[in-house]
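With our numbering applied, the sequence shown corresponds to residues 2 to 188, in that order.
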Amino acid sequence: TSFDVSGNAIIRNNLTVLGTLTYSGADITFTDLLVPGNANITGNLGVTGPTQLYSTLNVGGTGTFNGPVGINNDLGVTGNTNILGNLGVTGNTHLTNLTTSGNVNIQGPLGVTGTTNLYGTLNANTANFLGPVGVTGNTQLTNLTTSGNTNIGGTLGVTGNTQLTNLTTSGNTNINGTLGVTGRSSF
2 TSFDVSGNAI
12 IRNNLTVLGT
22 LTYSGADITF
32 TDLLVPGNAN
42 ITGNLGVTGP
52 TQLYSTLNVG
62 GTGTFNGPVG
72 INNDLGVTGN
82 TNILGNLGVT
92 GNTHLTNLTT
102 SGNVNIQGPL
112 GVTGTTNLYG
122 TLNANTANFL
132 GPVGVTGNTQ
142 LTNLTTSGNT
152 NIGGTLGVTG
162 NTQLTNLTTS
172 GNTNINGTLG
182 VTGRSSF
């Protein structure tokens, strides 16, 4: 049997459908809709009030949010994530790997507890190293100022003028050119 309504139908109490409910035509409006099973909506679903989902939301296509999205718990993403605008994070951020194709501007302190490999040029206005710094390639320094001890395990080659306030050597010192002394000297 079928139930046809050609005009408006107002149901003032509960409507229970045990089989499949198929609707076609103009929009349908529900004040409260409870679906304990599956709901397949082939058109648009417009919700003007808050929506609570008590289980998983699976979106097979593109999901578009035109307003802010608040997530009060973990967000798990198994695929790629493309953010076309700014990403603001107010808490800690833990990244297993970070690859950027553009510039990275860090306006606060950068704390690194593990090994850091830089394969390009490091430009720094001021650099303070609290521990050992190992360099395996060439290093070009415009100015080097040290307040503590500096140990050089290999040869120190200087092509320009060198000004030393105090020079103490414990081994042999070879000077292949002229030694000019303008002040008092003791040998």
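Ideal Cβ positions, reconstructed from N, Cα and C, are used throughout, including at glycine.
Proximity to residue i [Cα-Cα], best of the options
i: residue 147; options: 171, 158, 48 and 131; result: 131
i: residue 187; options: 168, 118, 4 and 177; result: 168
i: residue 110; options: 97, 100 and 128; result: 128
i: residue 51; options: 32, 174, 44 and 140; result: 32
i: residue 100; options: 118, 170 and 86; result: 118
i: residue 88; options: 172, 105 and 80; result: 105
i: residue 165; options: 145, 172 and 173; result: 145
Pairwise C-alpha distance: residue j and residue i
i: residue 76; j: residue 70; result: 12 Å
i: residue 153; j: residue 134; result: 12 Å
i: residue 73; j: residue 90; result: 14 Å
i: residue 48; j: residue 9; result: 22 Å
i: residue 120; j: residue 102; result: 14 Å
i: residue 61; j: residue 143; result: 57 Å
i: residue 136; j: residue 65; result: 49 Å
i: residue 5; j: residue 23; result: 12 Å
i: residue 11; j: residue 44; result: 23 Å
i: residue 159; j: residue 78; result: 54 Å
i: residue 30; j: residue 7; result: 16 Å
i: residue 181; j: residue 93; result: 59 Å
i: residue 36; j: residue 67; result: 26 Å
i: residue 58; j: residue 138; result: 53 Å
i: residue 155; j: residue 84; result: 49 Å
beta-carbon residue i near the ligand ATP non-hydrogen atom, thresh 6 Å
i: residue 119; result: The model on display carries no ligand, and the ligand ATP is accordingly not part of it.
| field | Segments assigned alpha helix (DSSP H), at least 4 residues, entirely inside the segment 90-152 | value | With a minimum length of 4 residues, no continuous alpha helix (DSSP H) run stays inside the segment 90-152.
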